[in-house]
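Residue numbers (my numbering), protein chains in the order written: chain S, 1 to 206; chain R, 1001 to 1206. Data block below; observations after.
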């Protein structure tokens, strides 16, 4: 593989997913840090050279740039033990990764970002109006995971996959968004299983 | 492959993606229709037997159920000419599919649904407050695609992939959400390229 650089902000769970995937696979990543809150991913230089979408993470592979955290995880893990070979299980793993981006991250990660980093008093009136719907949808996502995890150690199959890594990132930080994980016993058990995997790295150490 | 049943609502672009993928691959799909607006995906039976998330589409394969439209497309197309074998291109295809679910569908498809099916007068006050942000974010997504398509026929590589199929679905319906596609010449040319592919099926005939 070409040399890889992760363009990231350490406060972002989406960036942590990629570092966690790389740690599981023993792949070295060079890291380049940007401060989202200071607008460092909206500069002309970032938009022209790294990602016209103005978002991190971006995984740079040689001189090519790959945005979207879950796509970067796929790039790193494709062909490894983190991606099931079985056709259904592989698609089912992606199903959880799409669920993460559509039903989980926009609620659970966004409320964490608003509450722990932006500050509720600095939200716009539209953002403030969206809070109750994001709380309800975040709890729906957690309930769905919790029900699915009944009697299971992992989201797909019997070993850790990218589905677990990608959903671990913001689920284990959900309390900073105001979610009460004590209501979700299967999720708490699963977080512990993921945390105890060999080669796991913690968010704060990542 | 086992017999496959698509649980769907014909008004949904997410369901159309799966029918379009299947058409490109010559895979027969049995179809079972639900009326989202009449709440038919929120019945106890649907939630227990098809998808606890209460959403369509769901691709049923034998007695297993696969939610998330883009995961269903992956299941059908994995190993086919619609998925690049090159490691970067494959991840880049998924990048566009995650972009579709995170930055495109929640704006462009949601405004179409609100305006063409729910009706603006029946939106909640929170939904109404979200319209300007969704219009702006939808235009950001279209601009990003339009810029990327400069000098390209397809989103990834030189042949059609799932990235094109998944983004075609709601992009070609964007005007029903109030977006003006005439502002995006490269998108208009790309829509035509996708539409003229052998085995293409139109939304209304699908």
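We put the beta carbon where it would ideally sit given N, CA and C, even for glycine.
Proximity to residue i [Cα-Cα], best of the options
| i | options | result |
| --- | --- | --- |
| residue 64 (chain S) | R:1072, R:1089 and R:1065 | R:1089 |
| residue 1080 (chain R) | R:1173, R:1027 and R:1201 | R:1027 |
| residue 147 (chain S) | R:1199, R:1012, R:1138 and R:1051 | R:1051 |
| residue 82 (chain S) | S:156, S:109 and S:175 | S:156 |
| residue 1139 (chain R) | R:1123, R:1108 and R:1061 | R:1108 |
| residue 1041 (chain R) | R:1184, R:1019, R:1029 and R:1067 | R:1067 |
| residue 1160 (chain R) | R:1025, R:1044, R:1062 and R:1182 | R:1025 |
| residue 1201 (chain R) | R:1187, R:1005, R:1165 and R:1185 | R:1165 |
| residue 133 (chain S) | S:119, S:111, S:2 and S:38 | S:111 |
| residue 137 (chain S) | S:178, S:13, S:104 and S:119 | S:104 |
| residue 1197 (chain R) | R:1181, R:1158, R:1170 and R:1117 | R:1158 |
| residue 1039 (chain R) | R:1131, R:1098 and R:1118 | R:1118 |
| residue 144 (chain S) | S:192, S:199, S:184 and S:87 | S:184 |
| residue 141 (chain S) | S:18, S:98 and S:113 | S:98 |
Chain-ordered chain R contacts of residue i [CB-CB under 9 Å]
| i | result |
| --- | --- |
| residue 94 (chain S) | 1068, 1070, 1071, 1074, 1075, 1094 and 1097 |
| residue 158 (chain S) | Those within 9 Å of residue 158 (chain S) in chain R number zero; the least Cβ separation is about 16 Å. |
| residue 78 (chain S) | 1087, 1090 and 1091 |
beta-carbon residue i near the ligand ATP non-hydrogen atom, thresh 7 Å
| i | result |
| --- | --- |
| residue 1182 (chain R) | Questions concerning the ligand ATP fall outside what the structure shown contains, since it holds no ligand whatsoever. |
Contacts that residue i makes with chain R (C-beta to C-beta distance below 8 Å)
| i | result |
| --- | --- |
| residue 14 (chain S) | The premise fails here: residue 14 (chain S) is roughly 10 Å from chain R at the closest Cβ pair, so nothing lies under 8 Å. |
| residue 102 (chain S) | 1068, 1101, 1102, 1105 and 1106 |
| residue 61 (chain S) | 1088 |
| residue 118 (chain S) | Residues of chain R passing the Cβ test: none, with the nearest at roughly 15 Å. |
| residue 152 (chain S) | Here the premise fails: no neighbours, minimum Cβ distance about 14 Å. |
Nearest-angstrom Cβ-Cβ length linking residue i and residue j, presumed shorter than 8 Å
| i | j | result |
| --- | --- | --- |
| residue 1056 (chain R) | residue 1075 (chain R) | Rounded, the Cβ-Cβ distance is 16 Å, inconsistent with contact. |
| residue 1203 (chain R) | residue 1173 (chain R) | 7 Å |
| residue 91 (chain S) | residue 21 (chain S) | With 8 Å as the limit, residue 91 (chain S) and residue 21 (chain S) do not qualify as a contact, their Cβ atoms being about 19 Å apart. |
| residue 162 (chain S) | residue 73 (chain S) | 5 Å |
| residue 93 (chain S) | residue 1130 (chain R) | About 31 Å separates the two Cβ atoms, so there is no contact after all. |
Contact list for residue i against chain S, beta-carbon separation under 9 Å
| i | result |
| --- | --- |
| residue 1147 (chain R) | 52 |
| residue 1169 (chain R) | Correct list: empty, because the minimum Cβ distance to chain S is about 14 Å. |
| residue 1064 (chain R) | 88 and 92 |
Contact list for residue i against chain R, beta-carbon separation under 7 Å
| i | result |
| --- | --- |
| residue 144 (chain S) | 1052 and 1053 |
Close Cβ partners of residue i (< 7 Å) along its chain, the five nearest in sequence each way excluded
| i | result |
| --- | --- |
| residue 47 (chain S) | 54 |
| residue 2 (chain S) | 61 and 62 |
| residue 1181 (chain R) | 1174, 1175, 1187 and 1188 |
Cβ neighbour criterion (16 or more within 10 Å) applied to residue i
| i | result |
| --- | --- |
| residue 194 (chain S) | buried |
| residue 1085 (chain R) | exposed |
| residue 1044 (chain R) | exposed |
| residue 150 (chain S) | exposed |
| residue 1049 (chain R) | exposed |
| residue 126 (chain S) | exposed |
| residue 71 (chain S) | buried |
| residue 1012 (chain R) | buried |
| residue 128 (chain S) | exposed |
| residue 1124 (chain R) | exposed |
| residue 1199 (chain R) | exposed |
| residue 122 (chain S) | exposed |
Partners in chain S for residue i, counting only beta-carbon separations shorter than 7 Å
| i | result |
| --- | --- |
| residue 1126 (chain R) | 129, 130 and 133 |
Where residue i meets chain S, residues with beta-carbon distance less than 8 Å
| i | result |
| --- | --- |
| residue 1136 (chain R) | Result: empty, since nearest Cβ-Cβ is about 11 Å, beyond 8 Å. |
Proximal residues to residue i (C-beta, below 6 Å), its chain only, five neighbours per side dropped
| i | result |
| --- | --- |
| residue 32 (chain S) | 5 and 7 |
| residue 1036 (chain R) | 1009 |
| residue 58 (chain S) | 7, 50, 51, 65 and 67 |
| residue 1100 (chain R) | 1166 and 1167 |
| residue 23 (chain S) | 199 and 201 |
| residue 171 (chain S) | none |
| residue 1014 (chain R) | 1057 and 1069 |
Sequence-distant residues of its chain with Cβ nearer than 8 Å to residue i (five each side left out)
| i | result |
| --- | --- |
| residue 30 (chain S) | 3, 4, 5 and 6 |
| residue 1115 (chain R) | 1176, 1177 and 1178 |
| residue 96 (chain S) | 155, 156, 163, 166 and 167 |
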